[in-house]
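With positions in the sequence shown counted from 1, the corresponding number in our numbering is that position plus 10. Ideal placement from N, C-alpha and C gives every residue a C-beta, glycine not left out. Report on the following structure.
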Amino acid sequence: MAKESIVVAALFYGDHYDLADACASSLERIASSGVSADVSFRIGCNELGEKSTARVLEMVDNISKHAYAWLDLSTDNRFKYPVMRRLIRGDATLPGGVREISSDFFMWFDDDSRVCSGNMRQWVDLVLKAMKTSDMIGAIHSQQLLGQQKAWIKKQPWYAGKPSQGKAKFATGGWWTIRSSVLLKHDWPSEEIRHRGGDVMLGELCRQQGYRLSDFRHGLKINADLFTGKMNSSPRRGYDEKPVGWSG
């Protein structure tokens, strides 16, 4: 029986070394833990500081001792979702470039999220177990749809006619795992999504299409402040904008 496969992707941003180091350590531990799945890594970087760049390069070198790792490094801020799309779709035109993901699952980290479980192999097995009965897992929240987002949703190719509930249920964007087939079938994230609101809209895509969205937080600090470790306490950094769909 073939092993299940996971692409682990992460986006590092700016001059925030402590966050970069904490997230990088998690990825290194996943790579070296001898997990029961075939794991590969795709790492995106936006406008990194010098010290953070050195840490990410060190991380990629350490990961490469155990698994394949593709690094997409940029001194510009290309925003979150264009980089996510690139990590999913790949770029076979560049030396060392890769094609779109072909894994069973796709796991995403923002650089202010990390794994705190003491046994990384066991933690990955718990993720795989959760995915047996889910199409997407993460820390589930709900949020009121804002501006013209209801109208925006109706324009999307994945809209299935289900009436708005006013609020969207979604996995917060700092960490989640999804079936890769969902991303590829719906060409997610679309080129229209730049930096905010993609997590909310991915949750709505799941609702419209009937995908199973489940809560999973075991061993995780998601969007967490380094000092308190409190979930969703990491301050917003760098570029900001209205969430996708705000203007319809």
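Beta strand (DSSP E) segments (min. 3 residues) lying fully within the stretch 76 to 151: Taking only runs of at least 3 residues, the beta strand (DSSP E) segments lying wholly in the stretch 76 to 151 are 79 to 84 and 115 to 120.
Within a Cβ cutoff of 7 angstroms, which residues of the same chain sit near Gly176, ignoring the five residues on either side of it in sequence? Reading the sequence shown from its first residue, position 166 is the one you call residue 176. In chain order, Gln154 and Leu155 place their CB closer than 7 angstroms to the CB of Gly176, counting only its own chain and leaving out the 5 sequence neighbours on each side.
Presumed contact (8 angstroms Cβ cut-off) between Cys33 and Arg124, rounded CB distance: By 1-based counting over the sequence shown, the position of residue 33 is 23. By 1-based counting over the sequence shown, the position of residue 124 is 114. That belief holds up - the Cβ atoms of Cys33 and Arg124 are roughly 5 angstroms apart, short of 8 angstroms.
Would you say the beta carbon of Gly229 is closer than 7 angstroms to some non-hydrogen atom of the ligand NAP? With respect to the ligand NAP, the structure shown offers nothing to examine, as it has no ligands at all.
From Met94 to Leu223, what distance separates their C-alpha atoms? Here residue 94 corresponds to residue number 84 of the sequence shown, with the count starting at 1. Here residue 223 corresponds to residue number 213 of the sequence shown, with the count starting at 1. Those two C-alpha atoms are separated by around 20 angstroms.
Three or more C-beta pairs closer than 8 angstroms, one from the stretch 132 to 141 and one from the stretch 159 to 168: is that the case here? Flag = no, the stretch 132 to 141 and the stretch 159 to 168 do not touch.
What residue does the alpha helix (DSSP H) around Ala209 start on, and which one ends it? In the sequence shown, counting from the first residue as 1, residue 209 sits at position 199. The question names Ala, but residue 209 in the sequence shown is Asp. For Asp209, the uninterrupted alpha helix (DSSP H) segment begins and ends at Gly208 to Gln219.
With a CB to CB cut of under 8 angstroms and the five nearest residues on each side skipped, what residues in its chain are close to Thr143? Translated into positions along the sequence shown, residue 143 becomes position 133. Same-chain partners within the cutoff: Arg222 and Ser224.
Can you find the residues in the same chain that come closer than 6 angstroms, C-beta to C-beta, to Glu110, ignoring five residues on each side of it along the sequence? Taking the first residue of the sequence shown as position 1, residue 110 is located at position 100. Cβ neighbours of Glu110 beyond the five flanking positions: Arg99 and Gly100.
I need the straight-line Cα distance from Ile188 to Leu97, nearest angstrom please. If you number the sequence shown from 1, residue 188 lands on position 178. If you number the sequence shown from 1, residue 97 lands on position 87. In this structure, the alpha-carbon of Ile188 lies about 14 angstroms from that of Leu97.
In terms of alpha-carbon separation, which member of Ile40, Ser36 and Phe119 lies closest to Tyr91? If you number the sequence shown from 1, residue 91 lands on position 81. If we check each option's Cα against that of Tyr91, Phe119 comes out closest.
Could you round the C-beta distance between Phe116 and Ala19 to whole angstroms and report it? I think they count as a contact, below 8 angstroms. Position 106 of the sequence shown, counting from 1, holds the residue named residue 116. Position 9 of the sequence shown, counting from 1, holds the residue named residue 19. Rounded, the Cβ-Cβ distance is 7 angstroms, consistent with contact.
CA nearest to the CA of His6, picked from Leu58, Ser15 and Ser36: Nothing about residue 6 can be reported from this structure: the residues present for the chain run from 11 to 258 only.
Going by CA-CA distance only, name the one from Ser62, Ser84, Gln132 and Leu81 that's closest to Val45. Walking along the sequence shown from the start, residue 45 turns up at place 35. The candidate whose alpha carbon is nearest that of Val45 is Gln132.
Neighbourhood of Glu201 by C-beta, 8 angstroms cutoff - its chain only, sequence neighbours within 5 removed: Walking along the sequence shown from the start, residue 201 turns up at place 191. If the five residues before and after Glu201 are omitted, its C-beta is found closer than 8 angstroms to the C-beta atoms of Pro92 and Arg95, all from its own chain and listed in chain order.
Name the two residues that bound the continuous alpha helix (DSSP H) containing Lys61. The residue given as residue 61 occupies position 51 in the sequence shown. For Lys61, the uninterrupted alpha helix (DSSP H) segment begins and ends at Glu60 to Ile73.
Is Tyr27 helix, strand or coil when you go by DSSP? For the purposes of this step, residue 27 is identified with residue 17 of the sequence shown, where counting begins at 1. Here Tyr27 sits in helix by DSSP.
CA-CA distance, Ile53 and Ala149? Translated into positions along the sequence shown, residue 53 becomes position 43. Translated into positions along the sequence shown, residue 149 becomes position 139. Going by the C-alpha atoms only, they are around 22 angstroms apart.
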